[in-house]
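Trainee: Following the working numbering, the numbering of the sequence shown begins with 392 at its first residue and continues without gaps.
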Amino acid sequence: MNDHFHFTLRVSLTFLILLMAVLRMNAQSVRVELEKDTIGVDELIKVSIKIDFEPDSVSFPNFKNFAVSFGPQKLKQIRFADGLKTSETEYIYKLRPLNVGSFKMECISAYLNESIIPCENIFLTVVPSDKKESRIKLERLVFDSSKPEGTIRISFHEETGFIEKFENSEWVFIRLLNLKEINKIKKVE
């Protein structure tokens, strides 16, 4: 009876481990996220491509109909919970549209075990922009461009804040502020 119990226990544990592995493989996804779904033709759009698994390889998109102003910037998060390791890799781009219209956003091709993990189609609508708004954005760009390389700025609103550095004619995110830092800044104001 004792041998039968151990055999049943081993078979059950093996099945449970295989089931967890299959469930983890099926949970893999590649997502494209846009900060907005409609922009003006003279605006920049932030595009985030998120992969929630460790791919064997990736093939980057060429973003037809867009000029790449920045990217890809790679951010990686690794978490350990209940003995399981999970990871998410995010590729961030800033794109400028070349034309007016509705465009399918291209995704990274992420390969795992010789298969491509599919990505959901997302569309971005590019509309003609308001001349007054364009002039304001141009003035802001000229003002920002007058900053010397390496200038650091701290921005915050209520309970969120971040630090950016001016590099290659644009502001690059460095890190989030913690609540203690935000409270210190509020005291100085």
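For each residue, glycine too, the CB sits at the ideal point set by N, CA and C.
1) DSSP three-state call for V579: helix, strand or coil?
2) Work out the CA separation of G541 and V413 for me, nearest whole Å.
3) Tell me which residue opens and which closes the beta strand (DSSP E) that S520 is part of.
4) Judging by CA-CA distance, which residue of E479, Q464, K465 is the nearest neighbour of F471?
5) Using alpha carbons as the reference points, say which of K427, F444, P446, D443 lies closest to K437.
6) Along the chain, where does the beta strand (DSSP E) that runs through E550 open and close?
7) Report all residues from its chain with a CB closer than 8 Å to the CB of E561; omit the five preceding and five following residues, and keep chain order.
8) Nearest-angstrom Cα distance between R415 and K476?
9) Using DSSP with H/G/I as helix, E/B as strand and the rest coil, what is N489?
10) Could you tell me how far apart the beta carbons of V432 and V517 are, in whole angstroms, since I believe they sit closer than 8 Å?
11) Grab me the residues of E572's own chain with a C-beta within less than 8 Å of its C-beta, minus the 5 sequence neighbours each way, in chain order.
12) With 16 other CB atoms within 10 Å as the buried threshold, where does E497 fall?
13) For E561, which of helix, strand or coil comes out of DSSP?
14) Work out the CA separation of I469 and Q419 for me, nearest whole Å.
15) Roughly how many whole angstroms lie between the Cα atoms of P452 and I543?
Mentor: Once the coordinates are examined:
1) helix
2) Interpretation of V413 is limited by its pLDDT of 49, a score under 50 that renders its predicted location unreliable; the figure taken from the coordinates is listed afterwards. Answer to the nearest angstrom: the Cα atoms are 47 Å apart.
3) Per DSSP, S520 lies in no beta strand (DSSP E) and is assigned neither H nor E.
4) E479
5) K427
6) Taken as a continuous stretch (DSSP letters only), E550 belongs to no beta strand (DSSP E), as it is neither H nor E.
7) S460, F461, K485, D535
8) The pLDDT assigned to R415 is 49, lower than 50, so where the model puts this residue is not dependable, and the model offers no usable value.
9) A small correction: the amino acid at residue 489 is Leu; Asn does not occupy that position in the sequence shown. Coil.
10) 5 Å
11) G552
12) buried
13) strand
14) Approximately 15 Å between the Cα atoms of the pair.
15) 31 Å
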